[in-house]
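The next block holds one structure in the form of structure tokens; read it before the comments.
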């Protein structure tokens, strides 16, 4: 959920950077967006790992990577195709609005799902994840 919130804030920062023509706002928005993408992807991989059996994990991870690459590349390709017709500025605003809307929707969905989960289940999952991260073998 925190990754989706950061991605939303980063997209809004990038839109502000466009409106203000501010390089520092652009750098800040890019960093915040990147952190959001990283946290979201990490959470996705952790959830997949916890929900799948070891025997089929490689297939599920492969599918997740394909979906992730498509989710990152297709909107960029669409923006590249739209830019000659709509102009770079309009396309940029629409692209950041699209990213912000999707990530805000994801954050709200995750928040509702978390709120609907009984506290004992959340505590158990948190303890299990914490325990597992402390007992991993180090290379």
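Residue numbers (my numbering): 20 to 158. The C-beta atom is built at its ideal place from N, Cα and C for all residues, glycine as well.
Check, Outcome
"Can you tell me where the alpha helix (DSSP H) with residue 66 in it begins and where it stops?", "42-70"
"Decide yes or no for the touch test of the region 122-134 against the region 22-33: beta carbon pairs closer than 8 Å, at least 3 of them.", "yes"
"Contact defined as beta carbons within less than 8 Å: I believe residue 44 pairs with residue 36. What is the distance between those atoms, to the nearest angstrom?", "4 Å"
"Cutting at 8 Å between CB atoms, please list the residues of its own chain near residue 57, excluding the five before and the five after it.", "22"
"Using only alpha-carbon positions, find the residue among 116, 28, 128 that is nearest to residue 46.", "28"
"Ordered along the chain, which non-local residues of its own chain (more than five positions away) have a Cβ less than 8 Å from that of residue 102?", "110"
"Can you check which of these residues, 87, 115, 132, 48, is closest to residue 63 by C-alpha distance?", "87"
"Given residue 98, which residues of its chain have a CB within under 7 Å of its CB, disregarding the five upstream and five downstream residues?", "110, 114"
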